[in-house]
Structures are given as structure tokens and as C-alpha cells.
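First comes the structure, then the notes that go with it.
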Amino acid sequence: MQAFLQRTNWFLAGPISLPVRLMLLAAAVLLAATYFLPLWNLTMFAPQYPDGLRLDIYSYALAGGNRGQDIKEINVLNHYIGMQDLVNESFTEFKWMPFVIGALALLALRAAVHGTVAALLDVTMLFLYFGAFSLWSFGYKLYRYGHDLNPTAAVQVPPFMPPVFGYQKIANFEVYSYPRAASYAMGAAIVLLLGGLIWTWWQSRGQAREDRGAA
Amino acid sequence: MSRFNRSACAGVIALVFLAGVAIQCTPSQPASRRGGAAVQSDVALAAQKTYVAPGDLDTYYMFASGGHSGQVYVYGIPSMRHLASIPVFTPYPATGYGFDDDSKKMLGDLTWGDVHHPALSETKGDYDGRWLFINEMNGRIARIDLRDFKTKQILGPVPNLHGNHASSFVTPNTEYAMMATRFSRPVPQRPVGVDKYATEYKGIIAGVKIDPKSGEMSLAWQILMPPFDYDLGDAGKLASDGWMFFSSYNSERAIGKLEVTASQRDQDYIAAVDWRAAEKAIAEGKGDTIAGVKVLDPQKVPGIVYLMPCGKSPHGVDVSPDGKWIIGSGKLQGVTTAFNFEKMQTAIRNKDFQGEEDGIPVLKYASIKDAEVQVGLGPLHTQFGPDGWAYTSLFVDSAIAKWKLGTWEVVDKAPMSYSIGHLSAAEGDTVSPDGNYLVGLNKLSHGRHLSVGPSQPESSQLLDITEEKMKLLYDAFTEPEPHYAQIIKADKIKTIEVYPKEENKHPLAIWDIKDAGVSRNGKKVTVKMIVVRSTFTPTAFEVQAGDEVTVAITNIEQTTDELHGFGLLDYNINLVIDPGETKTVTFTAKKGGVFAYYCTNFCSALHQEMQGYMIVK
């Protein structure tokens, strides 16, 4: 046990290679890029809306298609079934998400500069936690929207779960929900971080063997 | 080292590239529509079925309400060509309607009307091609004579009734047209706060008696109803002859934001009126006189009205061709309900009631309902074909569902572009529907026509219903805004194209230019004028400033299409006089000077020479 912990400490205190530092730098750049790209997209088609109604979700705001008109249209339609308006104010995520992404980018840069495995592990674990929490939070928001329906609404529909990922038919609408560029950028960033971590671990195993061989 | 570097960079670039591709990855059209384009042979077939060659005639007329344009539009089917607009409740300079004395008097102070439900006159439940009745919201109903396609009478605004939406619906032998309240108000009319809506405000159902010879309408009786919003109606026929059915919403008796407050109950009502019983009660003197109208109060005179529960906020109510079923469509649900007339009669006999509203018995839903047909979302109206086929429009689904009476099986759905309201099948609300053409009257047309800016036309789509599957044939675009329309076999309408001289009984008509001229009686001046290619007689006349001038113009032509106009500049006067017709216009000659009048409606090679002067001294 003691030996394992010692080995772990030795590994964590160890350096990361230049390629891994560059991967961290790339991850930071990708994270910064998410400010300019949408995270998720919901597109809804109905016979009356052959071009679809589109909703892009950024880390800091909702953006409707057709110069913002689509989100108003979605809210007008949703009011018939008593759904709450989709407005930026009801998403606390928009307040903390950009900050957390920024912090993660800084932590990635910090790991790149310090060049220790510990710093790389920190930012990787925090990122995984953040990613999982954000997905849950997004799903839970949708669940609440589909379930907190005004009981006095003109049209009574059974509570429903809007699609988080993929396709679903809701009344006369065909709804598609898919991640967009910022999510892929984040996905790429996590791949870079995990990849860097695994690669460093792999290298350190080789190094340890060499050391043992030298001894 | 550099090897790792390169592969790492390549990896990053690949990931960024993937992210870039993902930016474009949102669906451009729903999966349901991919690969759904019409095949070439379908298009060719549709073109063949709708093409009416130059010189050939359509086989049906469609009379479509013009909504708040105040007009009725006439279409030829299957070409869907717009043939004419008949002005009814609004001036129409193109035909001079609303400018001459008679039509101005008919319009009164109102220069607009919101036209909704045309009703062709019927004999034994079949269209007879004599008249078209058309309601409008300001409590009025008009009669158009189908001999000359002209508005002949406007009745109303009638007292007590407000917002005449549930109208005109004629009975099977054109005994009555109907009117009913959409906006309940205190009866008799007086200022009462909306807080007393549930008790002090009343709805009205009115029977308008139609003279079987002349078509002249007169207000016969009214029935005092609970303050619901009466929406649509249809007369019983054959098995259910003698009854009239009106859908209603807001049985909540709510005020304010009705889209919510009037949508709370799962069921509202269809009011079933035994109009023969109402007629009898009035004859027996059982009505109270309110604002000069005989009004029956169901609390005092039972047995005239019953309420049939129908979910939810029903819009259309339509009686099947055999009269055995009443189809009620709750617009906020996914089913349409078929009520059985026989069961309804049994329930009335057995007093099988589930409640009452202001003394009107509410029949037990389970006892009178035959089926809830799973047609789709937002059912509105139902039309019929032969062999028990029924066609229900679905607003939310933007489609038409085809289903069968008796088996209640939905066999086909045709998508409509977009958001269909009413629909009209060829003779589809009579005792013998033709089953060949069906027109969907859609509320939205976006993107299906050349753009004309924000004021968009409505869309009317023609479908072929001769086969098992409905087939879209043609898109037509109509001005705002057809609600209901009726389609009648063309050969049922017998028109004239000139007014025969011997029928012209106008007191100021003259046929000889010797009789033309100016006569004076005090400050009243009468100008008798003749128009014929290509001259006005007289070509000039003089009046004194302040005179009350009546110009009576007779078009002595007896040739088809030789209309003449009388446009008097600066006086806002614009008449069009048809061959054989006499029209008058009366005005005060306020402005002094010289004013030209000329023929506005092109008549001949020397049309430009057809002019004259009014001199006001």
C-alpha cells in the first residue's frame, strides 16, 4: 500500500512532456472557442413550420433562429400547453458556465506551464465533473420544462420529457436535439486532456522500467 | 520528440475540423418529409384534372366567404380560377356597389362586414341554385340572387343578438336561415359590467324566415340562451329534419383572457334546437317582446332547446347526409364526436339528462354518443362524400382526415399547406354529396407563392377525392379571408347576363333619349340620363350650388358585357350600370364649377369619347 502511494506520489510529481503541454494548450484554445459557438441545438418541424423552428444554446444565452424570432414563436406555441417561457433569466447555468469554462481553460494553461502530472490530473478531473454536471443540469432543465405545465392551460397534454439527444415526436412537432460545435470542442478538449494523462502515464511506466533496468 | 509533436498537432487539427463540421449538423427538414416529393406522373395527372382549356367551362361554382373583406368570392372548379367578387357588406368601386342610392341605403352606416358562412338555398336538402345567404359579424345576414350574382337584401343589424358568427345555415327547404350570438351581451341591450357576465349577459339564437317565392328575409323569432359563444351550426336533414344544431364554447361563462378562461372545462355544448317547436310556440304567442322581437325563454317555454355535451371547445358541427349523425369537433382535442340523432331523441323522451344550464336540459353524453373518432389533432369541420365517407379538417395537424361513418375508421390523411380551417366538398353538406372535389381552405400560405410582402394571401387547395387516397391537385391563393365555402354543380345556376327591358320597373327608367334631361322641384333636381355606346345623354347639365341632385342613369343596352360607368370627378361618385339597369345617385352640389363625368367601364372603340360635364353655378 505504502509502495503504491509512493509510486503514485512520484508519478503525480513527475513532469509532462512537451507534446502533452501542447495538447493542454490546444485544450485551452478549444475551451476559449466555445464562447463563440453554440453548445446544443433543438430544431422542431411541424407541417406549419416546414423550415423548422431553431433554438441554439450557448454557454451564456439562448439564441433563436430567424434572427431570434423562432424562440418567440416557440414560446407562443408553448403557452397553449402552459409551458413556461424559455428565457435566459430562468437558466442559472448561463451565469456560471462561462466562468467555469474560463477557469478550466486557465487551469489547462496552468498545467501546461507548471508541467506537472498533478496539475494535468486536476484540470482533467474538474473538467469531467463539470461536463457530467452540465449534461445532467441541461437534461433536468428540459424535464422541468416538460413537467411544470400550467394546469389551467388551454390545451392539456400529459407531462413529457423533451429529447436531450436525438429525435422525438411531440404533438404535431418533430423535434431533433443534437450537440453543436461548442460541445464537440469541449469533447475534443476532454479527449486531449485524457489523452495527455494516459500518454504521460504510459511514458512514466516505460521510464520506471528503464529506471529499474538501470538499477 | 518531434514525431510525437507532429502526431499531436495532427490530432488537434483533426478534432478542430470535426468540431467545424459539426457546426453545420442541424437537420434541414424533418425525416418524415425526406424523399416525399410528388412523382412526375402524379403532377401530370393533377395538371390534366385541373386544366380547363381556353373557352371551356368549369363544372362547379365555389362560393367562398371573403371574411372581413365583406365580399363573397366566386371560383370555378376544377380550375380554381377566381371568376368574380360579389360585394355584400362593403363598397366595391369595381361594380359601383356602395355608391348608388340603393346599395348605399342597404349598407347603411357600416362599410365593412366580416363574412363567414355562405349558405346556398336548398330544396329537399339539395342545393337549388336560387340564392346564397351570407352572414356577417355585425348582426347582419344578406341574400345574393344567383340569377344575377347581386346582393339583394341585407337584414339587420338585428336587435339583441351580437356578433353573428353562427350563421347562415339554411334548413332543408330554405324555410329559415339562422343567426346566433358569438359575443353575449345584456338582453335587452343596456350597460352592465362584465362582472355580471354569467347571469346578466345572454346569447341569442334567431330564426330568419325566408319567403319561398322572393327569398325576402324577415326576423321571425329569437331564443334566449346562456351566455356561451355560439360558433357554428348545421341544419338537421332527412332523419333529423326540423332540428338545428349550434356548437358553442365558453360554457365556463368566463370573461377576460378567454383563450385560458374559456378552455377550462373538458366539455362544452352543442345546442340542439327544435325549430318547428319554436315556430309553433311563437304562433301560440309564447314569446316575450324584447326590442321589438318575439323572444322565447327556454325557462318559460321548455322543449325547444337541449344541450349536447361535446369536448372540448367544439368548433364545427355537421350533420351527415342521411341526417342520422351529428358530428361535433372539439378543437382542443384529438377526436371528433359522432352523436346519434335517434339516441338523442330517445334521451329527450326518457329525460336522460345529466344537468341543466339556465333551465335548458343537458343530455347525458354517454347516452347520445356513438363514437369518438380518432381523426387527429385540432379537428374543426367535417364534410361528406357519398357512401358514408367523411372528411374532417385538422388545424393543428394541418391535414384532412378521411374516415367512415358507422365504422369510424380513419383510412387516409392528406397534409395541407398550411393550418386548414374550413373545408368544402362538392355539394358536401347536402343530402347527396358528389364525392369528386374537396377544397381545403387554409389559413396560412407561407412560402407557397411568389412573395407579395407581409400581407399574404390565404391558400385554397383542391383535392381529388374520387379514389381511396386523397390527392392534392392544385394550390390557389385567395384574398383574405375565406372561412366557409360551398361548391355547387354549375348547371344548377341559371344566370341572366342582361336585365330584360320589360323587367325594369324603376320609376326613373327612360329608354328614349327624348325623355332624357333635367327637371327641377324647388332645390331638388332630377337628371334623367341614358347611357349607350358611346354617349351620355345629356352630355352636359347645369345645377345651382346647394341643389340636391339625383342622377338617374339607365343603360339601354341589351347586349352582354356592355356595362357603362358613371364616374363624376371630385364628387366621389362612381356607378356602374349593367345592360338594362337603372341606377340613381343623390348628392348635394356643394362645390361650384365644372366637373367632368365619364364612362369608367370600357365599352367600345369610342369609350374614351364617352364623357360629359356637370356645371354647378
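Residue numbers (my numbering), protein chains in the order written: chain A, 1 to 215; chain B, 1001 to 1617. Don't be surprised by glycine CBs; every beta carbon is placed ideally from N, CA and C. As the structure is a prediction and not an experimental result, all values here were calculated from the model.
- Item | Where the beta strand (DSSP E) through residue 1296 of chain B begins and ends | 1293-1296
- Taking a cut of 8 Å between CB atoms, which residues from the stretch 43-61 of chain A lie near chain B? 43, 45, 46, 47, 48, 50, 51, 52, 54
- Item | Any C-beta of chain B under 8 Å from that of residue 209 of chain A | no
- Task: Take the Cβ of residue 1554 of chain B as the centre, count every other Cβ of all protein chains shown within 10 Å, and call the residue buried at 16 or more, exposed below.
- Result: buried
- Task: Give a yes or no on whether the minimum CB-CB distance between residue 1397 of chain B and chain A is below 8 Å.
- Result: yes
- Message: Can you find the residues in the same chain that come closer than 8 Å, C-beta to C-beta, to residue 1002 of chain B, ignoring five residues on each side of it along the sequence?
- Response: A caution first: residue 1002 of chain B carries a pLDDT of 48, below 50, which makes its placement in the model too unreliable to give a value.
- Using a Cβ cut-off of 8 Å, which residues of the stretch 1289-1309 of chain B contact any Cβ in chain A, in chain order? none
- Round the Cβ separation of residue 1228 of chain B and residue 1203 of chain B to the nearest angstrom and send it over; I've been treating them as touching at under 8 Å. 6 Å
- Item | Own chain partners of residue 129 of chain A with C-beta closer than 6 Å, once the 5 adjacent residues on each side are dropped | none
- Beta-carbon gap between residue 1388 of chain B and residue 1413 of chain B smaller than 8 Å: no
- Query: Tell me which same chain residues have a C-beta within less than 6 Å of the C-beta of residue 60 of chain A, skipping the five on either side of it?
  - Reply: 94, 98
- Taking the alpha helix (DSSP H) that residue 146 of chain A falls in, what are its first and last residues? 117-147
- Tell me the DSSP bridge mates of residue 1611 of chain B? B:1598
- Item | When B:1144, B:1151, B:1147, B:1138 are compared against residue 1162 of chain B, the one with the closest alpha-carbon | B:1138
- Strand pairing of residue 1222 of chain B, partner residues [DSSP]: B:1206, B:1295
- Query: Thinking just about the alpha-carbon of each residue, which of A:43, A:56, A:50 is nearest to the one in residue 182 of chain A?
  - Reply: A:56
- Hey, residue 1312 of chain B and residue 1330 of chain B: beta-carbon distance below 8 Å or not? yes
- Query: Between the beta-carbon of residue 1296 of chain B and the beta-carbon of residue 1269 of chain B, is there less than 8 Å?
  - Reply: no
- Just the chain B side, please: which residues come within less than 9 Å of residue 176 of chain A by C-beta, in chain order? 1026, 1027, 1030, 1031
- Message: Tell me the residue span of the beta strand (DSSP E) that contains residue 11 of chain A.
- Response: Run containing residue 11 of chain A: none in the beta strand (DSSP E); it sits in the alpha helix (DSSP H), 2-13.
- With distances taken from CA atoms, which of B:1095, B:1064, B:1093, B:1069 is nearest residue 1081 of chain B? B:1064
- Message: Against chain A, does residue 1375 of chain B count as a neighbour if the rule is that its beta carbon must be under 8 Å from one of theirs?
- Response: no
- Straight-line Cα distance separating residue 19 of chain A from residue 1004 of chain B: Reliability fails at residue 1004 of chain B, whose pLDDT of 48 lies under 50, so the model's placement of it is uncertain and the value that follows must be treated cautiously. So the two alpha carbons sit approximately 6 Å from each other.
- Task: Ignore the nearest five residues each way along the sequence and tell me which others in residue 1574 of chain B's own chain have a CB closer than 6 Å to its CB.
- Result: 1093, 1096, 1099, 1567
- Task: Using the DSSP secondary-structure output, state which residues sit across from residue 1555 of chain B in a beta bridge.
- Result: B:1531
- Item | Chain-ordered neighbours of residue 152 of chain A on chain B, where CB pairs are closer than 7 Å | 1260, 1264
- Query: Any idea which residues DSSP pairs residue 1564 of chain B with across the strands?
  - Reply: B:1577
- Item | Three-state secondary structure (DSSP) of residue 1115 of chain B | strand
- Query: Just how far apart, CA to CA, sit residue 1134 of chain B and residue 1604 of chain B?
  - Reply: 35 Å
- Residue environment, residue 1181 of chain B, which counts as buried when at least 16 other CB atoms sit within 10 Å: buried
- Message: To the nearest angstrom, how far is the alpha carbon of residue 1483 of chain B from that of residue 1381 of chain B?
- Response: 11 Å
- Task: Within its chain, find whatever has a CB closer than 6 Å to the CB of residue 1592 of chain B; leave out the 5 residues flanking it on each side and keep chain order.
- Result: 1545, 1616
- Item | Straight-line gap, residue 1478 of chain B to residue 1441 of chain B (C-alpha atoms, nearest Å) | 9 Å
- Whose C-alpha, out of B:1393, B:1451, B:1449, is nearest the C-alpha of residue 1438 of chain B? B:1393
- Query: When you compare only the Cα positions, how much space is there between residue 1104 of chain B and residue 1088 of chain B?
  - Reply: 11 Å
- Give the residues of chain B in contact with residue 78 of chain A, contact being defined as C-beta atoms less than 8 Å apart. Result: empty, since nearest Cβ-Cβ is about 14 Å, beyond 8 Å.
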